[in-house]
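Residue numbers (our numbering): 22 to 125.
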């Protein structure tokens, strides 16, 4: 087995697992126990790999990397969206509580 094949399989399997994380955050509509910043770093690293693997003629790693980059990009997008949504809901909840206090 070549190093490219092994790495490509890791990338492919990682991409498949990442789509499971995407489904979880989408179905829960919230982010818990994960850092968007760390996920963003690894997403950027994945984009770098899409440039780097072809320069090494590692095409299996490249194609596996495409899948993991797509999964990471979707996950980060969902995490940012649902985090912002939750912040807005918390803000409006506090505003409504303050209104009810001052209207009494």
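Each residue gets a CB set at the ideal place from its N, CA and C atoms; glycine is no exception. As the structure is a computational prediction, the values presented were derived from the model and not from experiment.
*Among 22, 29 and 60, which residue has its Cα nearest to the Cα of residue 100?*
The residue with the shortest Cα to Cα distance from residue 100 is 60.
_Same chain only: Cβ atoms within 7 Å of residue 39, ignoring 5 sequence neighbours per side_ = Excluding residues within five positions, the ones whose Cβ falls inside 7 Å are 89, 92, 93 and 96.
_Pairwise C-alpha distance: residue 98 and residue 47_ = Computed Cα separation, rounded: 10 Å.
*alpha helix (DSSP H) containing residue 57: first to last residue?*
Looking at the DSSP string, the run of the alpha helix (DSSP H) that includes residue 57 is 57-76.
*What are the boundary residues of the alpha helix (DSSP H) that residue 39 is part of?*
For residue 39, the enclosing alpha helix (DSSP H) covers residues 24-49.
*Assigned secondary structure, residue 85 (DSSP; H/G/I helix, E/B strand, else coil)*: Residue 85 falls in the helix class under three-state DSSP.
*Cα-Cα separation between residue 74 and residue 122, rounded to whole angstroms*: Across the structure, residue 74 and residue 122 are spaced so that their CA atoms are roughly 60 Å apart.
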